[in-house]
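Novice:
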Amino acid sequence: VDTYGKAMVTRFANGLAIYSHNQLYGIWQVSRAGVLPETTRQLRLAIHNAEQSALLYSASEIEVLREGEIEAHPFISRIGPDLLHETTTVALIRARLEEGRFNGRSFTALLLDQQFLAGLGNYLRSEILFVSGLHPSLRPKDCTPAQLDALAAACHNLTWQSYRTRGITNDLALAEKLKDQGGAYRDYRFWVFNRDDHPCYQCGTPIVKETLGGRRLYYCPTCQAV
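Whatever position you read off the sequence shown (first residue = 1), add 289 for our numbering.
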């Protein structure tokens, strides 16, 4: 199985593969073989072996491809490197920030462009920019080499941290402290995302929320000053 952002390619020994894209609502569930979970979702794809079933619900894009057709698929041929793929390194991300097609775009737009990096969603955009100390309106070409180094590292490391901790992008020691003090998951999960008007964990300045293109964006005006 290979991932391409929210898309997956499941390869089989007979040379065929299934391309699927989760869109906003698609979800995979794994159950014992032949056992269907109770759900109101529509089952779109089921893959069974002797012990387990992999079930895809609510996805709208599913195609059967031959091995030679995969790389030419319209979505896969355009998608950027997947942040959770082992070949996507900090150095690769850093190099893409220097490319002419990317370095003149604001981080607000660039970090949601799946052709730049696949798998970087809305909450990660706010969190990565905060950890990097960069204002959302800046562009790669506005930044120093050290700032781009920090951004590339944050894109890589924070995405992997979120994956390994089921979505926590805050400093892990701070998150554990807040949890021990009785904080709910939503209170210790993020640095800035969904924390508008709450004090920044670094400097105490109230977090700002903006809505751009229908997507929420959060930042600290002090830690991320222009």
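For each residue, glycine too, the CB sits at the ideal point set by N, CA and C. Since this is a predicted model, take the numbers as computed values, not measurements.
Let's test the definition: count the other Cβ atoms within 10 Å of the Cβ of Gln513 and tell me whether it reaches 16, buried, or not, exposed.
Specialist: Flag for Gln513 reads buried.
Novice: Report the three-state DSSP secondary structure of Ile365 (helix, strand or coil).
Specialist: Here Ile365 sits in coil by DSSP.
Novice: If we ignore side chains and look at the alpha-carbon of each, how far apart do Pro510 and Tyr490 end up?
Specialist: Whole-angstrom Cα-Cα distance: 13 Å.
Novice: If contact is defined by three or more beta carbon pairs under 8 Å, each pair taking one atom from either stretch, is the region 315 to 326 in contact with the region 339 to 346?
Specialist: Taking 8 Å as the limit for Cβ pairs, the verdict is that the region 315 to 326 does touch the region 339 to 346.
Novice: When you compare the CB of Asn459 with every CB in chain C, is at least one pair closer than 9 Å?
Specialist: This model lacks chain C altogether; it includes just one protein chain.
Novice: With DSSP run on the structure shown, which of helix, strand or coil describes Trp449?
Specialist: Helix.
Novice: Which stretch, first to last residue, makes up the beta strand (DSSP E) that contains Ser516?
Specialist: The requested residue 516 does not occur in the structure, where the chain is confined to residues 290 to 515.
Novice: State the start and end residues of the unbroken beta strand (DSSP E) segment that holds Arg505.
Specialist: Start and end: Arg504 to Tyr508.
Novice: Taking Ile359 and Arg333 to be in contact with their CB atoms under 8 Å, please state how far apart those CB atoms are, rounded to whole angstroms.
Specialist: Ile359 to Arg333, Cβ: 20 Å. No contact.
Novice: What number of angstroms, rounded off, separates the C-alpha of Asp476 from the C-alpha of Ala462?
Specialist: For Asp476 and Ala462, the distance between alpha carbons rounds to 14 Å.
Novice: With three or more C-beta pairs closer than 8 Å as the rule, is the region 377 to 387 touching the region 415 to 423?
Specialist: Segments in contact, no.
Novice: Tell me the rounded alpha-carbon separation between Tyr412 and Arg330.
Specialist: One C-alpha to the other measures close to 25 Å.
Novice: On the DSSP letters alone, give me the boundaries of the alpha helix (DSSP H) that Glu387 sits inside.
Specialist: Unbroken alpha helix (DSSP H) run through Glu387: Val379 to Glu387.
Novice: Does DSSP classify Thr397 as helix, strand or coil?
Specialist: Note: Thr397 maps to helix in three-state DSSP.
Novice: Please say whether Ala407 and Thr292 have beta carbons closer to each other than 9 Å?
Specialist: Cβ distance < 9 Å, so Thr292 and Ala407 count as in contact.
Novice: How big is the Cα-Cα spacing for Leu276 and Arg428?
Specialist: Past the edges of the chain, shown from 290 to 515, lies residue 276, and the structure says nothing about it.
Novice: Can you tell which of Glu375, Gly393, Pro488 and Leu440 has the C-alpha that lies nearest to the C-alpha of Asp431?
Specialist: Per the Cα distances, Gly393.
Novice: Taking the beta carbon of Thr500 as the centre, do at least 16 other beta carbons fall within 10 Å, making it buried, or is it exposed?
Specialist: Its Cβ having fewer than 16 others within 10 Å, Thr500 is exposed.
Novice: Under 7 Å Cβ to Cβ from Arg367, same chain only, skipping five residues before and after it: list those, please.
Specialist: Result list for Arg367: Gln404, in chain order.
Novice: CA-CA distance, Leu516 and Thr448?
Specialist: Residue numbering for the chain in the displayed model covers 290 to 515; residue 516 lies beyond these limits and cannot be assessed.
Novice: Could you spell out where the beta strand (DSSP E) holding Arg333 opens and where it closes?
Specialist: Looking at the DSSP string, the run of the beta strand (DSSP E) that includes Arg333 is Leu332 to His337.
Novice: Whole angstroms is fine: what's the gap from Thr397's alpha carbon to Ser426's?
Specialist: Straight-line Cα distance between these residues: approximately 6 Å.
Novice: Look at Ala335 and His310 and say whether their C-beta atoms are less than 9 Å apart.
Specialist: No; because the gap between Cβ atoms is not below 9 Å, this pair is not in contact.
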